[in-house]
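Heads up: the protein sequence lines correspond to chains A and B, in order. Take the first sequence: its letter number 170 is residue 656 in the working numbering, and every next letter is one higher. Take the second sequence: its letter number 224 is residue 710 in the working numbering, and every next letter is one higher. For each residue, glycine too, the CB sits at the ideal point set by N, CA and C. Bear in mind the structure is a predicted one, so any value in this text is a computation, not a measurement.
Protein chains: 2
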Amino acid sequence: MLRKTCWQGMTQVPKNSQGRSRRRTTLSDVASHAGVSAVTVSRALRQPDMVSLDLRERIDVSVRELGYIPNQLASALASARTGTIGVVVPSLTNIVFADYLKALHDIFQPAGFQVLVLNSRYALVDEERAISTLLGQHPEAMIVAGIDQTDHARKLLENAGIPVVQTMELADDPIDINIGLSQVDAGYAATRYLLDLGFRRIGHVAARLEPRARRRMEGYRRAMEEFGQDTNLLVASTRRPSTFALGAEMFAEGLASTPDMEAVFCCNDDLALGALFECQRRGIRVPEDLSIIGFNDLEFCASSYPALTSVSTPRYEIARRAAEIVLDVVRGSGNRPEERRIDLGFTIVERESTRPKRPGGT
Amino acid sequence: MLRKTCWQGMTQVPKNSQGRSRRRTTLSDVASHAGVSAVTVSRALRQPDMVSLDLRERIDVSVRELGYIPNQLASALASARTGTIGVVVPSLTNIVFADYLKALHDIFQPAGFQVLVLNSRYALVDEERAISTLLGQHPEAMIVAGIDQTDHARKLLENAGIPVVQTMELADDPIDINIGLSQVDAGYAATRYLLDLGFRRIGHVAARLEPRARRRMEGYRRAMEEFGQDTNLLVASTRRPSTFALGAEMFAEGLASTPDMEAVFCCNDDLALGALFECQRRGIRVPEDLSIIGFNDLEFCASSYPALTSVSTPRYEIARRAAEIVLDVVRGSGNRPEERRIDLGFTIVERESTRPKRPGGT
DNA sequence: TGCATAGATGAAAGCGCTGTCAATTGCCCT
DNA sequence: AGGGCAATTGACAGCGCTTTCATCTATGCA
């Protein structure tokens, strides 16, 4: 690769407009401008039908003329309702959580709730800090990814007195509400799928090694053991974060220690696509020479050539359900749903990158 | 594709722990528990060296025992400092903004600022609403993607009395601070790069058609016109959001109207990779039969086979600079940087998917 | 015509915290 | 020993809004 032609334009400084903060217009500014009391303005904005049409119109005019924007902080403090949902995800760059966050926004935004997202960088201490920070904003509910919070974080969440949803995985002992799927079962199923195709020399490529990846690997190990396979040389894993390039690298590593590998289960799709690229680069035909299965069923799995078989996880659905349950609890009767733990399962989507082992060869 | 084996476990309901909200512990709870005044507790938490070691320890114990979490809302209201930065991006799922958001978090989090992100779904009205909502939270600065805000949104931002950064593009008339690159120039450069390689039948594939994609297309048109090329049949565009599958589809469409296409400039990498997959599917060799250049230089460009040539945009850098400038202004002297408009440019990264036109054929 | 009643409006009291300034203490210096 | 000063601590008044309750119309009815 060679970096070429760096274009960098001139920097013409535009006109300077300072505009530093004079006091922002408040409710009472609007009130005196409209010649009414502050309470009336407040009502006109929140419960318009409690205010006469006449005043309402005058207030609307004042609001627009003064460019009034209600101070949510003051509102939240006075009413003890913040209209805020706290969300903690381990990564912002992982496309898996993009789907998840999109679902949360899709549900909460129209409902008038704002989603506050903090990331934990896949670290328990950061997660605890994020949870604490979020709780300080008095969200009306908390939605966290995973089930591996620290004891202190758990305690904070339990004492917050708000609905708490743990997602993506199934917990034996949920804090409050739990929606997800069994990562162990999913890892087992992916491996079992390859075993049932007739393969035995099945590699596993894993990166980051966060709790969910570990559990998938545990599923892999369990399945392989059932078929009497020793997995020591078949696993290529690293703590580095997943990338396409790392997928290629780790796959190559696995291949080095197990040259007769027949199939590979990658712990996520990024690694799987990286492995696929590496196969193309080396002239290994997929699926003729090697079968590949990924995990998560990201969009590109259906488009790549060959299209990637993957384990589809209901990320959007998990977040959607979490959001809907939270909304029910928060504005509704205040009682939790009947089911405290919801298993949304997973699906193996079979595409072109896997096929049964040929009777004779690999 | 066939969907197979749906695993969905049993749903065992865990023990019910209701735990509804008793009043949360406040500063004065801690104060009376520790036998001091509320102010002292406040100080012990925010400026510990103003409080004697003795009291500080007693207070720390009380804080821990009562599980006290400061109410940020009240704090923000009283101090007029929210420690919050408002950010508006057009999409949460687009990996381009994942990089951007990561940079913002990387800079702001350690500095003690919280990033509030709202998305505008590539719609001006949604953006205006997002800006208004965010402003209601009294952020200490606003960072928005793009330069195409509505007049009203502009006015709100101008009147907010806080630093405002418009990013990703260069504006003729920035609201306040502006950091980005010229999308037109970048589109022009990508096209010019292919022209300079000797190609003339250069297709352009574009999706979503948000302002930046349009400007890249404008650059493409400008370059093509300089070389006397009519672009009418060469452009395949759609308002649908970019996906890998759409890249394949649109590329196929372009190929249908221009069978003798020699090269293609895709307005983003997702489309480019989709086009590459489609080539593989059809047995079109890249770059032997067709050259492909993408845009943004996402991580997979370097890993795909063949590796994709792309226009690298400094997304992380843009956000980083924006964040640093904001921090300077917010906590520092309060004065804006010398440069109100910063051009971070772009770079063409040449890889395997492009090569010079062969003298004889294509 | 007079009184009850619903509807519309306003006054006052905080929400939980911080900024400001006053009060207290202990210690150093002359 | 007394004054001065720094170091601590506390009292009080809001931040801008909502909640609650009181007040003040209109209207309906007897």
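- Listed in chain order, the positions of the region 549-560 of chain B with a beta carbon within less than 7 Å of a beta carbon of chain A are G553, I555, P556, N557, Q558, L559, A560.
- Put simply, the region 622-638 of chain B touches the region 563-572 of chain B. At least three CB pairs are less than 8 Å apart.
- DSSP places S618/A inside the alpha helix (DSSP H), whose first and last residues are 610-622.
- In this structure, R708/B lies away from V651/B, with their beta-carbon atoms at least 9 Å apart.
- By the C-beta density criterion, R844/B is exposed, having fewer than 16 other C-beta atoms within 10 angstroms.
- At a cut-off of 9 Å between beta-carbon atoms, F781/B makes no contact with chain A.
- When the five nearest sequence neighbours on each side are left out, the beta carbons in the same chain lying within less than 8 Å of the beta carbon of R725/B are those of A693, R694, L695, in order along the chain.
- By a beta-carbon distance limit of 8 Å, F730/B contacts G760/B. Their separation comes to about 4 Å.
- If you look at C787/A, you'll find it in the alpha helix (DSSP H) that goes 786-789.
- Interface residue (Cβ-Cβ distance to chain B less than 9 Å): H519/A is not classified as such.
- Interface residue (Cβ-Cβ distance to chain B less than 9 Å): N645/A is classified as such.
- With a 10 Å radius around the Cβ and a threshold of 16 neighbouring Cβ atoms, T840/A comes out buried.
- Neighbours of S618/A in chain B, taken as residues at a C-beta separation under 9 Å, are given in chain order as I555.
- Short of 7 Å from the beta carbon of M654/A, and not among the five residues preceding or following it, lie these beta carbons of its own chain, in chain order: A631, G632, G666, R698, I804.
- Partner residues in the beta bridge of V650/A, as assigned by DSSP, are M628/A.
- At a cut-off of 9 Å, the C-beta of I581/B has a neighbouring C-beta in chain A.
- Around the beta carbon of F781/A, 16 or more other beta carbons lie within 10 angstroms, which makes this residue buried.
- Going by DSSP, L602/B is part of the beta strand (DSSP E) stretching over 600-605.
- Within the same chain, and ignoring the five residues on either side of E644/B in sequence, the residues whose Cβ sits closer than 7 Å to its Cβ are I661.
- Contacts with chain A at 9 Å (Cβ-Cβ) do not include T724/B.
- The three-state secondary structure of E836/B, taken from DSSP, is strand.
- With fewer than 16 other Cβ atoms from the protein chains shown falling within 10 Å of its own Cβ, A566/B counts as exposed.
- Not a single CB atom of chain B sits nearer than 9 Å to the CB of V547/A.
- Residue contact check for S606/B against chain A: no CB pair falls below 9 Å.
- Taking C-beta atoms under 8 Å as the contact rule, A758/B and G740/B fail to qualify, at a distance of about 12 Å.
- A646/B has its alpha-carbon roughly 29 Å from the corresponding atom of V537/A.
- Taking 9 Å as the threshold, the shortest C-beta distance from L539/B to chain A does not fall below it.
- Judged by pairs of C-beta atoms under 8 Å, the region 765-774 of chain B does not touch the region 800-815 of chain B, as fewer than three such pairs exist.
- Neighbours of Y791/B in chain A, taken as residues whose beta carbon is under 7 Å from its own, are F763, Q766, R767 in chain order.
- Annotated three-state conformation of G760/B is helix, per DSSP.
- Taking a contact to require three or more Cβ pairs closer than 8 Å, the region 675-695 of chain A and the region 709-722 of chain A qualify as touching.
- Rounded to whole angstroms, the separation of the alpha carbons of S668/A and G705/A is 10 Å.
- Any Cβ of chain B closer than 9 Å to the Cβ of T568/A would place that residue at the interface, and such an atom is present.
- For R678/B, the three-state secondary structure derived from DSSP is helix.
- DSSP places T526/B inside the alpha helix (DSSP H), whose first and last residues are 524-532.
- Using a C-beta cut-off of 8 Å, the region 575-586 of chain A makes contact with the region 602-616 of chain A, since at least three inter-stretch Cβ pairs fall below that distance.
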